[in-house]
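Read through the structure below, which is laid out as structure tokens, and then see the notes.
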Amino acid sequence: MPKRLVFLIVIFSLLFLGITSKAFYEQIIMGPTYAIKSLEIRTKQFPAEEYIRGDILDRNGISLTDAAFRPTIILFPKLITNVDKLLEKIRAEIPQLNINAKEIKPQYRNGKKIYPEPFIIRVGEDNDILIKISSWNEPGLVVLPYKTRYGNNSLAVHLIGYMGYKNHSYEPQGMMGIEAKFEEILKGDRPEKIITPITDARNNILEGLGYRILDLGRDEQRSDVILSIDSRIQKIVEQVMDEKGIIKGGVVVLDIDSGQILAGASRPIYDQNDLDNTMGFDDNQVERIIDYKVYPGSIFKILTAVAALEEGIVTPETKFYCTGSSPDFRVKCPRAHGELTFSEAMEQSCNVTFVQVGLSLGREKLEKYIIEKFGIHPIKNKSLDSPEARAHGIIGQVIFEVSPLEMANIIATVARDGYHQELLDPWKTRLVKAVKTGDKIENYAEIPKYSQLYSKNTAQQLKAILTATNQRGSGKKAWIEGYGSAGKTGTPQVNGLGEYMAWYTGYAPLDKPKYAIAVLIEKIDGLNESDLQGGTHAGPVFKEIIERIIKLEER
């Protein structure tokens, strides 16, 4: 082939490559950007989504925030034909909208008219208002599909968190929960859809064109966060808590095999769209599952039982005698239990017996199991440095505080015959399964490794004791007919005023355990805190949740 021909072929190939590369860059890479800029000449764009970020999904890909396109009122100040007339009409017919002139009237800077940015008006799903607004045919006040982040069916709000503004920033960002902890993963670069009013040179809506929703394609910068939560179980937990009148407390459900959180709910609830509404509580945004800790009360006896059985201090049949009090350390039982075995002491939650057993273990062995093996550390400036301190620590008062997640994790260890998972960064290792970017899903965290804390013999003895506790002891109201359950109740004293909290932690079913649950109740509607009891109030919550999960599985 002649050299000149080869030269020409190379030159034309390079030119063709350059042209096609430029076309690809302009149309594919920069296309969405140019689409926006071209519309800015004669339209006013508005993102068709409340927040430019990925969603938070349950393990089955269902939105936990209830994010969806919903009919929404959007006000475009620049397109309002007569501001004063519109404000007068709103005050007369829909006063609850509460719009003031400053929000929609233009201001003048250096002789130039500056219009406020478009904004949405929240009315929830009040169809009457939406219909009325649509009937007005006001060009700048319209009802259009708009993607709101938090809907009425949003779940696990204390784990999800909410959006807000930090340090006077103009950009919204996650303020709590997963929204905050995964801000960099969730946040996007640009809207995927925009709303554009098509106008003429005089700013009038063009007849027949009106408003358009333009799809700008996928925003590659944003990702969805997939949690271990099962929205079906989450709904059950929240429904049961509300039906039982729990207005302050928390419930967590763990998958025993993986240790992942299947459900986690806190009360009191809050509105992610209306953070100023405290709903009667000044702490309604407090998450009460993972980071929130209180005295465990008698559910903590499980740890002393593990230590005593493993060290050979007792067997389930070892006998004791309860007089009703241990005067040296001001530890009492509600009544004198008389003669009872160690198993019966757990069933009846005998403080006197457990203090006697725990003190016989000594400080070193108590710390070995409670602190070193189970990872539960004393409250700051507290320790097991005296017999009195050890007595209170053994029965879950004064020395230790725990979260519902910690207690569910401990009872899951019991269900696994002593195989334990450490709680290391639980927001990530126990709650987040994967991150989804476009069609690509990447596992986020590995299941924490198991370590065996005690022998198979101790495991069998402890499981039998906790099963008996539910069959005929303080946990009777947590027993699941046909499936069985095992666990422990707790009623720690909150203060010197005779106020209590109610705890229950347990697992079910007995054959191939699947679910470990911890229930914490701090306040029930209409009930004095002095009347709260673990067996009476927290146990039935566990029972109802498990029974509904079983029905769900049988469908």
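Convert by adding 11 to the 1-based position in the sequence shown; the result is the number in the numbering used here. Glycine included, each C-beta is placed from N, C-alpha and C at the ideal position. These numbers were taken from a predicted model, which means no experiment stands behind them.
* Asked: Rounded to the nearest angstrom, how far is the Cβ of N138 from that of D77, given a contact under 8 Å?
  -> Not really, about 18 Å apart at Cβ, beyond 8 Å.
* From R229, L227, D226, T210, residue whose alpha carbon lies closest to that of L220 -> T210
* If you count every other CB in all the chains shown that lies within 10 Å of the CB of T54, and 16 or more means buried, which is it? -> Residue placement at T54 cannot be trusted, given a pLDDT of 40 that sits under 50; the coordinates are not used to answer.
* **Beta-carbon proximity of G550 to A479, cut-off 9 Å** => no
* Measure the C-alpha to C-alpha separation of E457 and R120 and round it to an integer number of angstroms. => 57 Å
* Excluding sequence positions up to five away, which residues of its chain have a Cβ less than 7 Å from the Cβ of K48? -> Reliability fails at K48, whose pLDDT of 47 lies under 50, so the model's placement of it is uncertain and the value that follows must be treated cautiously. Once the five neighbours on either side are set aside, K48 has no close Cβ partner at all.
* To do: Take T329 and list the residues in its own chain whose beta-carbon comes closer than 7 Å to its own, dropping the five residues that flank it on each side.
  => T352, F353
* Asked: Around the C-beta of Y181, are 16 or more other C-beta atoms found within 10 angstroms, so that it is buried, or is it exposed?
  -> exposed
* To do: Tell me whether G493 sits in a helix, a strand or coil according to DSSP, three-state version.
  => coil
* So, helix, strand or coil for I310, using DSSP? -> helix
* To do: State whether the segment 257-274 contacts the segment 516-529, with contact taken as three or more CB pairs (one from each stretch) at a distance under 8 Å.
  => yes
* **CB-CB length for K534 against A497, believed under 8 Å** => Not quite, the Cβ-Cβ distance comes to about 27 Å (not below 8 Å), so this is no contact.
* Contacting residues, own chain, Cβ-Cβ under 8 Å from D396 (five flanking each side not counted) -> R374
* **Integer-rounded CB distance, given that P127 should sit under 8 Å from E114** => 6 Å
* **CB of Q275 within 9 Å of CB of L170, strictly** => The sequence shown places Gly at residue 275, rather than the Gln named in the question. For G275 and L170, yes; Cβs fall inside 9 Å.
* Asked: On the three-state DSSP scale, how would you describe G188?
  -> helix
* Should E231 and D282 be called a contact, given that it needs their Cβ atoms to be closer than 9 Å? -> no
* Bridge partners of Q504, per DSSP? -> Y511
* Where does I52 sit, in a helix, a strand or coil, going by DSSP? -> Its pLDDT being 36, under 50, I52 is placed unreliably by the model, and the measurement read from it follows with that caveat. Correct three-state label for I52: coil.
* Can you tell me the Cα-Cα spacing of V505 and G404, whole angstroms? -> 14 Å
* Identity of the residue in P279, I240, A423 nearest M290 by Cα -> P279
* **DSSP bridge partner residues for L86 (one or two, in chain order)** => F130, L152
* Asked: Is R81 helix, strand or coil by DSSP?
  -> strand
* Asked: Exposed or buried, what is P338 when buried is set at 16 or more other beta-carbons lying within 10 Å of its beta-carbon?
  -> exposed
* Check each candidate in I410, E492, I144, H548 and name the one with the smallest Cα separation from L521. => E492
* Under the three-state reduction of DSSP, which class applies to Q245: helix, strand or coil? -> helix
* For R243, the nearest candidate out of S74, K467, V530 (CA to CA) -> S74
* **Cβ neighbours of Y430 in the same chain (closer than 6 Å, five flanking residues each side left out)** => Y461, Q463
* What distance in whole Å lies between the Cβ atoms of A402 and F340, which are believed to be in contact at a cut-off of 8 Å? -> 4 Å
* Distance, I105 Cα to G175 Cα -> 27 Å
* To do: Can you tell me which of I300, V443, P208, T326 puts its alpha carbon nearest to the alpha carbon of V236?
  => V443
* When the Cα atoms are used, what is the spatial distance from G507 to I144? -> 57 Å
* Asked: Are the beta-carbon atoms belonging to S313 and L563 less than 9 Å from one another?
  -> In the sequence under discussion, the amino acid at residue 313 is Ile, which differs from the Ser named in the question. No; because the gap between Cβ atoms is not below 9 Å, this pair is not in contact.
* **Where the alpha helix (DSSP H) containing I144 begins and where it ends** => 138-147
* What three-state label does DSSP hand A419 in the structure shown? -> helix
* May I ask which residues mark the beginning and end of the alpha helix (DSSP H) holding I405? => 398-405
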